[in-house]
């Protein structure tokens with residue numbers, strides 16, 4: 005551990021009495037404050053996490069369904085028609101789009117998605133929540149999904165517009181959910197709550213890819229959009245009724261849980277103007293941005309192109325392609341759950357020294373770097389192996405591991421915003437996801453031009469690029485990442501410029517936990 009990992013205020017280094025020490029221990033043992041709440045049922049913060057999981061399930065189901073549908077939409081099929089009183093077989097094709105056109109269509113979603121990342125983070129911060137914004141983003145996308153088939157038949161430019169507008173509304177989802185966690189997630193539960201929610205993205209991918217294939221084969225590709233659109237609309241109704249912007253607005257939360265959350269987080273400012281200059285100049289911020297970009301490059305490459313790769317290169321039909329394409333995201337969903345629990349567990353471990361000091365065994369910075377960099381290095385290896393293994397089983401196995409191990413990286417960079425600047429977490433997620441959206445635009449288009457005829461040697465170049473970016477992300481994050489609240493993220497008293505809490509007073513240990521993750525502990529071991 006380095007000295008940079010220690011909170012700069014010098015605060016939270018020493019326990020001033022038994023009562024304070026017990027308070028810290030209670031903060032580290034999540035169930036200690038809310039045992040009565042647990043007996044009453046599922047804590048509301050975990051209800052929010054489960055519904056957020058289902059929300060991201062819909063986000064990605066609505067996003068990736070076109071990846072499978074476009075194969076059915078452009079695949080020739082036989083129909084029996086009557087000509088001059090004789091039944092004959094006729095070959096038809098709903099849409100005659102070449103590979104570059106399909107690549108542009110798949111990437112068009114991100115043309116809109118990239119423009120509302122910062123807006124979503126700013127709106128969520130200004131309105132003091134994010135729950136309603138999260139719901140609105142998915143709700144509008146659901147409506148647009150329902151009208152996709154008639155628009156596709158009517159006009160290719162119209163389909164492009166539909167996908168771009170869907171991207172505009174889905175662009176607010178990730179920034180707004182970080183704003184939700186800034187009010188709902190106690191510091192030592194951030195990783196597990198966030199990863200429960202984010203894993204819905206990959207479960208949505210796992211389910212939607214094979215189900216989309218089955219729907220296309222049995223009911224026609226149009227049914228893909230109708231069914232997933234209705235499911236998303238039902239979820240929106242449930243979220244709007246159940247989830248509130250802040251815990252204190254939830255009538256069903258227990259007093260014990262509310263007290264635990266508010267005590268852990270301490271006083272929170274809302275509507276503060278983000279310090280944009282300091283954000284742009286912060287290397288820990290750029291470490292998150294670069295990692296998010298690199299992870300998304302590999303993810304979006306396979307997300308949009310894996311059905312085509314499996315069908316054209318490995319020789320599987322559409323039904324098998326859907327199931328095989330889902331395997332990497334099933335692995336990632338499982339790994340993500342494990343990594344979130346493990347990351348919070350490692351951050352909670354500490355030892356006592358002399359009865360006056362407590363030291364964490366693993367600093368927040370160390371945990372984030374270990375999870376992120378190890379995942380990226382492993383993804384580099386398996387992505388390169390996939391480029392050279394000739395067998396279908398070997399290639400799918402390597403790609404499954406390459407994507408699945410990314411679940412550990414998500415317990416690094418994706419939660420890191422809440423470590424370094426919790427009150428600006430939505431803004432930082434929007435800032436980073438703006439750059440992380442570029443792979444969704446560039447990668448499918450670039451793949452469409454690299455892979456002209458489905459030759460395996462052309463796919464090798466696609467995997468080389470993704471593996472190289474994973475390696476770059478590991479190095480950059482390892483050098484510049486931090487898990488400590490940054491100086492520019494602390495509230496400043498206008499009279500003397502010192503970092504203080506509300507009304508110019510210094511934070512109490514419980515309040516300080518919100519920002520430093522190290523209440524009364526010393527991260528130097």
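Residue numbers (the working numbering): 5 to 529.
Glycine is no exception: its CB is placed at the ideal position from the N, C-alpha and C atoms.
Source: prediction; values computed, not measured.
Could you tell me the alpha carbon to alpha carbon distance between residue 465 and residue 454, rounded to whole angstroms? For the purposes of this step, residue 465 is identified with residue 461 of the chain shown, where counting begins at 1. For the purposes of this step, residue 454 is identified with residue 450 of the chain shown, where counting begins at 1. When rounded, the distance between both Cα atoms is 8 Å.
Could you say if the region 394 to 403 and the region 246 to 258 meet the contact criterion of at least three C-beta pairs nearer than 8 Å? no
Indicate the three-state DSSP secondary structure (helix, strand or coil) for residue 409 in the structure shown. The count along the chain shown starts at 1 and reaches residue 409 at position 405. Three-state result, residue 409: coil.
Put residue 68 into one of helix, strand or coil per three-state DSSP. Taking the first residue of the chain shown as position 1, residue 68 is located at position 64. Of the three classes helix, strand and coil, the one that applies to residue 68 here is helix, per DSSP.
By how many angstroms is the C-alpha of residue 409 removed from the C-alpha of residue 391? Numbered from its first residue, the chain shown carries residue 391 at position 387. Numbered from its first residue, the chain shown carries residue 409 at position 405. Straight-line Cα distance between these residues: approximately 17 Å.
Beta-carbon within less than 8 Å of residue 435's beta-carbon, same chain only, minus the 5 sequence neighbours each way: which residues are those? On the chain shown, residue 435 is found 431 positions in, with the first residue counted as 1. Closer than 8 Å at Cβ, skipping near neighbours: 121, 122, 125, 283, 289, 293.
Beta-carbon proximity of residue 216 to residue 72, cut-off 7 Å: Start at 1 with the first residue of the chain shown, and residue 216 comes out as number 212. Start at 1 with the first residue of the chain shown, and residue 72 comes out as number 68. Against a cut-off of 7 Å, the Cβ pair of residue 72 and residue 216 comes out as a contact.
State the DSSP-derived secondary structure class of residue 82, mapped to helix, strand or coil. Position 78 of the chain shown, counted from the start, is the residue given in the question as residue 82. Strand at residue 82.
For residue 92, I'd like the list of residues in its chain whose CB is within less than 7 Å of its CB, leaving aside the five on either flank, ordered along the chain. As a position in the chain shown, residue 92 is number 88, starting the count at 1. Only 85 meet the Cβ criterion.
Use the C-beta contact count for residue 174: other C-beta atoms within 10 angstroms, 16 or more gives buried, fewer gives exposed. Numbered from 1 along the chain shown, position 170 holds the residue referred to as residue 174. Buried: at least 16 other Cβ atoms inside 10 Å.
Spatial neighbours of residue 498 in its chain, beta-carbon cut-off 8 Å, leaving aside the 5 residues before and after: Walking along the chain shown from the start, residue 498 turns up at place 494. Caution applies to residue 498, whose pLDDT of 35 falls short of 50 and renders its modelled position unreliable; the value that the coordinates give is listed next. Closer than 8 Å at Cβ, skipping near neighbours: no residue.
Can you check the region 96 to 124 for any alpha helix (DSSP H) of at least 4 residues that lies completely inside it and give the ranges in chain order? 103 to 117
So within the region 257 to 293, which uninterrupted alpha helix (DSSP H) runs reach at least 4 residues, ignoring any that extend past its ends? 259 to 269, 280 to 285
Classify residue 346 as helix, strand or coil using the three-state DSSP reduction. One-based indexing of the chain shown puts residue 346 at position 342. Looking at residue 346 - three-state DSSP - the assignment turns out to be helix.
Please tell me whether residue 3 and residue 481 are closer than 7 Å, where the distance is taken between their beta carbons. Because the chain spans 5 through 529 in this model, residue 3 falls outside it and cannot be assessed.
Quick one: grab the DSSP three-state call for residue 93. Walking along the chain shown from the start, residue 93 turns up at place 89. Look at residue 93 here: in three-state DSSP terms it is strand.
In angstroms with no decimal places, state the Cα-to-Cα distance between residue 332 and residue 190. Taking the chain shown and counting its residues from 1, one reaches residue 332 at position 328. Taking the chain shown and counting its residues from 1, one reaches residue 190 at position 186. Going from the Cα of residue 332 to the Cα of residue 190 covers about 31 Å.
Opposing strand residues paired with residue 354 [DSSP bridges]: As a first step, residue 354 must be located in the chain shown, where it is residue number 350. BP columns for residue 354 point to 364.
Applying the 10 Å Cβ sphere with the 16-neighbour rule, what's the burial state of residue 196? Position 192 of the chain shown, counting from 1, holds the residue named residue 196. Classification for residue 196: buried.
For residue 164, which option in 177, 115, 262 has the closest C-alpha, if you only look at C-alpha atoms? Taking the first residue of the chain shown as 1, we reach residue 164 at position 160. Residue 115 is the option with its Cα nearest to residue 164.
Where are the alpha helix (DSSP H) runs, 4 residues long or more, that stay fully inside the region 181 to 238, in chain order? 194 to 222
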